[in-house]
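Going by full-length UniProt numbering, the first residue of the sequence shown is number 1, and it counts up by one from there.
All C-beta atoms in this analysis are idealised placements derived from N, C-alpha and C, irrespective of residue type, glycine included.
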Amino acid sequence: MDFFVAILPILLVLVGMLVFNRSGSFVSVFGWLLCFAIAVYYFKTPYAVVWGATIMGIVKALGISLAVTFTMFLIFLMNETKALSKIIDYIKGITKNKEEQTLFLGMGFGSLSTALGMVTPAMFPPIFRLLGFSPVAAIAISILCYDPLTSFALFSIPITLPAKVAMSFGIKPPGIDSLSSFVWEYTFKITAFLPFVSMLFAFLMLYTVGGMHALKKNWIAATLSGLVLSLTALFLAWSKIAPVEIIGVLSGLATMVFVYFYYKNGSNSTQRQTFFQKDLLVASSPFIILILLSFIVNMHSVKLYLSNLLNPYEIIHIFADKKEDLNILSSVWFWIMVVGILSIFILKPTKEQLNKVTKLWLKRIWGPFLAYSLFFSVAYIMAWSGMDVVGSKLVPSSNFTQNNMDIIISSSFAKSFGSFYPLIAPFLGLIGAFVGGSATASNVLFAKIQWEATISTVGANAFMWIYAAHAVGGGIASAITPSKITNAAATIGVGGKEEAQFIKATILPVLFMCLVVGILSMIFIYL
1 MDFFVAILPI LLVLVGMLVF NRSGSFVSVF GWLLCFAIAV YYFKTPYAVV
51 WGATIMGIVK ALGISLAVTF TMFLIFLMNE TKALSKIIDY IKGITKNKEE
101 QTLFLGMGFG SLSTALGMVT PAMFPPIFRL LGFSPVAAIA ISILCYDPLT
151 SFALFSIPIT LPAKVAMSFG IKPPGIDSLS SFVWEYTFKI TAFLPFVSML
201 FAFLMLYTVG GMHALKKNWI AATLSGLVLS LTALFLAWSK IAPVEIIGVL
251 SGLATMVFVY FYYKNGSNST QRQTFFQKDL LVASSPFIIL ILLSFIVNMH
301 SVKLYLSNLL NPYEIIHIFA DKKEDLNILS SVWFWIMVVG ILSIFILKPT
351 KEQLNKVTKL WLKRIWGPFL AYSLFFSVAY IMAWSGMDVV GSKLVPSSNF
401 TQNNMDIIIS SSFAKSFGSF YPLIAPFLGL IGAFVGGSAT ASNVLFAKIQ
451 WEATISTVGA NAFMWIYAAH AVGGGIASAI TPSKITNAAA TIGVGGKEEA
501 QFIKATILPV LFMCLVVGIL SMIFIYL
């Protein structure tokens, strides 16, 4: 009974999205309300502690909620000023058929765009329709191209932010003595799964576009593009020669270059455009500036300087003895905001265009902001349930083990699966991202659950592999997240029929990918 009650907020969100087709922002409110009530009345957590957890979740979510907010402004501005159209027109000119466009745009530009924070399910469907793709194929590629690098979205916030939150939960695996070491170990282990996952996504993209014929004809290109994408990320994570935040950008770019030259060498056509053109400079300058700033800001010495520059003014008291350093100047959202402001002067929108962008931006930012904030709050309520404040410090109560929701859920899973627990870790990531609409939210929501379950089954030494498998499963989940599917369908004016066709085509491959990740995690752990 305790297990069912503890997991009920997650089930409520799942049912709300699956059965009643509600958005993540809508169900996040009810999930938070239910979690609040359960923590207070069933698990006997003081009212003040639950409110403190709620506020902590909102503050912790600012890293991604503000990044998404300012990214949306930048994308809306580029779209309204036709900068995006110029970039897409150029891409159309250097690709010759649907299969090449699928790998170049989907595997390459899609991964790069996702790493930069673009919402490909909202941006890409009209582009693929103009290229002659069917409605289902346009939806499919636009959603699937969000996934091949799984966790390297929005300057890798699904990796860096959960790592910070996990350590705030007291999660310290053996050999991990700092946030930096946690982030790099987490990043490397995630990339270890990608050679298999990225290739499978390349195959799935081609299959949704042209069936087995397209797959048989282009399987070598799909295999190699998946390997270039994933091995570039793996090398960068292993060598640490580039900041974690731009691994996805560089990997996507490498894949675009590879696909371009692979097909160019195999083509007799002399009409294809050159790879670089000067007239793209202004249109793509926001991306270029953002990449350069990310390089600079994420240099260790620069990041350390910026992190300390505003202290102690950016350290805020949250609850009891809990404080949070906002690190404003070293956060990716701040620099996305800066680039958004600079882009107004670079792209020079008219007053009418700027007003249109601002109105659209102010209309659409609240849903994502609310969803991220409340799903993070749910994660903290679950982590702090069964705790109390003693002498101005948040500490476990005398019945903490019996009343902590994370411990109850993790111990139940551990008892059910035992030493085979690593097999289901990616499926928890899948469920968490499906429910929360975000791999970041999933990684935060299940951090403590995975930690407790790992300790009681295969030992703390295996945690980073299991948490990485969880993250990869959460990244894979974007392929079947209802909000993304509905978003993509709406942009090209189709509805339930096409959405159902896409889900039917992808649900089994997605589950298969998670199973592959689970098997690999078993191999990595026991070998």
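{"Query": "Closer than 8 Å is the cut-off here; do at least three beta carbon pairs connect the region 97–104 with the region 283–292?", "Result": "no"}
{"Query": "When you compare each of Phe417, Asp388, Pro173, Phe261 to Gly52 by their alpha carbons, which one comes out closest?", "Result": "Asp388"}
{"Query": "Within 10 Å of its beta-carbon, does Gly108 have 16 or more other beta-carbons around it, so buried, or fewer, so exposed?", "Result": "buried"}
{"Query": "Measure the Cβ-Cβ separation of Ala425 and Ser456 and say whether it is below 8 Å.", "Result": "no"}
{"Query": "For the putative contact between Thr81 and Leu154, defined by C-beta atoms under 8 Å, what is the C-beta separation to the nearest angstrom?", "Result": "Contact doesn't hold; Cβ gap of about 22 Å is too wide."}
{"Query": "So what does DSSP say about Ile87, is it helix, strand or coil?", "Result": "helix"}
{"Query": "Please name the residue, chosen from Leu423, Ser398, Gly432, Ala479, that lies closest to Val13 on a Cα-to-Cα basis.", "Result": "Gly432"}
{"Query": "Quick one: what does DSSP say Asp325 is sitting in, helix, strand or coil?", "Result": "strand"}
{"Query": "For Tyr525, which option in Gly473, Ser198, Pro422, Phe434 has the closest C-alpha, if you only look at C-alpha atoms?", "Result": "As written in the sequence, residue 525 is Ile, which differs from the Tyr given in the question. The shortest C-alpha separation from Ile525 is found at Pro422."}
{"Query": "Restricting to Cα atoms, I'd like to know which of Met212, Leu66, Ala48 is closest to Leu362.", "Result": "Leu66"}
{"Query": "Which value, in whole angstroms, describes the spacing of the CA atoms of Lys172 and Ile449?", "Result": "14 Å"}
{"Query": "Run through the region 339–369 for me and flag every whole beta strand (DSSP E) of 3 or more residues, listed as ranges in chain order.", "Result": "none"}
{"Query": "If you check the beta carbons only, do Leu144 and Leu204 fall under 8 Å apart?", "Result": "yes"}
{"Query": "Got a sec, what are the start and stop residues for the alpha helix (DSSP H) Ile141 sits in?", "Result": "135–144"}
{"Query": "By DSSP, does Met382 sit in helix, in strand, or in coil?", "Result": "helix"}
{"Query": "What residues in its chain sit with their C-beta under 8 Å from that of Ser478, if we drop five residues either side in the sequence?", "Result": "Ile143, Tyr146, Asp147, Ala433, Ala439, Lys484"}
{"Query": "Assess contact between the region 48–62 and the region 373–381, defined as three or more Cβ pairs (one per stretch) separated by less than 8 Å. Is contact present?", "Result": "yes"}
{"Query": "For Phe196, which residues in the same chain have their Cβ closer than 7 Å to its Cβ, ignoring the five residues on either side in sequence?", "Result": "Val516, Leu520"}
{"Query": "Compare the Cα-Cα distances from Pro509 to each of Ala489, Ile480, Ile523, Met522 and report the closest residue.", "Result": "Ile480"}
{"Query": "Looking only at its chain, what residues have a beta carbon closer than 6 Å to the beta carbon of Ile187, apart from the 5 residues adjacent to it on each side?", "Result": "Looking at the sequence shown, residue 187 is not Ile but Thr. These residues qualify, in order along the chain: Ile159, Ala237, Val244."}
{"Query": "Alpha carbon to alpha carbon, what distance is there between Ile38 and Ser398?", "Result": "19 Å"}
{"Query": "In this structure, does DSSP put Lys44 in helix, strand or coil?", "Result": "coil"}
{"Query": "Could you tell me the alpha carbon to alpha carbon distance between Phe43 and Thr223, rounded to whole angstroms?", "Result": "50 Å"}
{"Query": "Reducing DSSP to helix, strand and coil, say where Asn268 ends up.", "Result": "With a pLDDT of 48 at Asn268, under the threshold of 50, the modelled position of this residue cannot be trusted; read the value that follows with caution. DSSP places Asn268 in coil when its eight states are reduced to three."}
{"Query": "Note down the Cα distance separating Met405 from Leu250, rounded to an integer number of angstroms.", "Result": "40 Å"}
{"Query": "What separation, rounded to the nearest whole angstrom, lies between the Cα atoms of Met1 and Val40?", "Result": "17 Å"}
{"Query": "If you count every other CB in all the chains shown that lies within 10 Å of the CB of Tyr305, and 16 or more means buried, which is it?", "Result": "exposed"}
{"Query": "How long is the line joining the alpha carbons of Ile466 and Thr506, rounded to whole angstroms?", "Result": "24 Å"}
{"Query": "Any idea if Tyr47 is buried or exposed, counting beta-carbon neighbours within 10 angstroms, 16 or more meaning buried?", "Result": "exposed"}
{"Query": "Should Val49 go down as buried or exposed, given a rule of 16 or more other Cβ atoms within 10 Å for buried?", "Result": "buried"}
{"Query": "Locate the alpha helix (DSSP H) running through Met199, then write down its first and last residues.", "Result": "179–239"}
{"Query": "With respect to 7 Å, is the separation between the Cβ of Thr54 and the closest non-hydrogen atom of the ligand ADP below this value?", "Result": "This structure does not include the ligand ADP; it has no bound ligands of any sort."}
{"Query": "Do Pro286 and Met78 have their C-beta atoms closer together than 8 Å?", "Result": "yes"}
{"Query": "Is the beta carbon of Ala61 closer than 8 Å to that of residue 584?", "Result": "This structure gives no information on residue 584, because the portion of the chain shown stretches from 1 to 527."}
{"Query": "For Leu11 and Thr191, what's the separation of their Cα atoms in angstroms?", "Result": "30 Å"}
{"Query": "On a CA-only basis, which of Ile346, Gly132, Phe104 is nearest Ala254? Give me that one, please.", "Result": "Phe104"}
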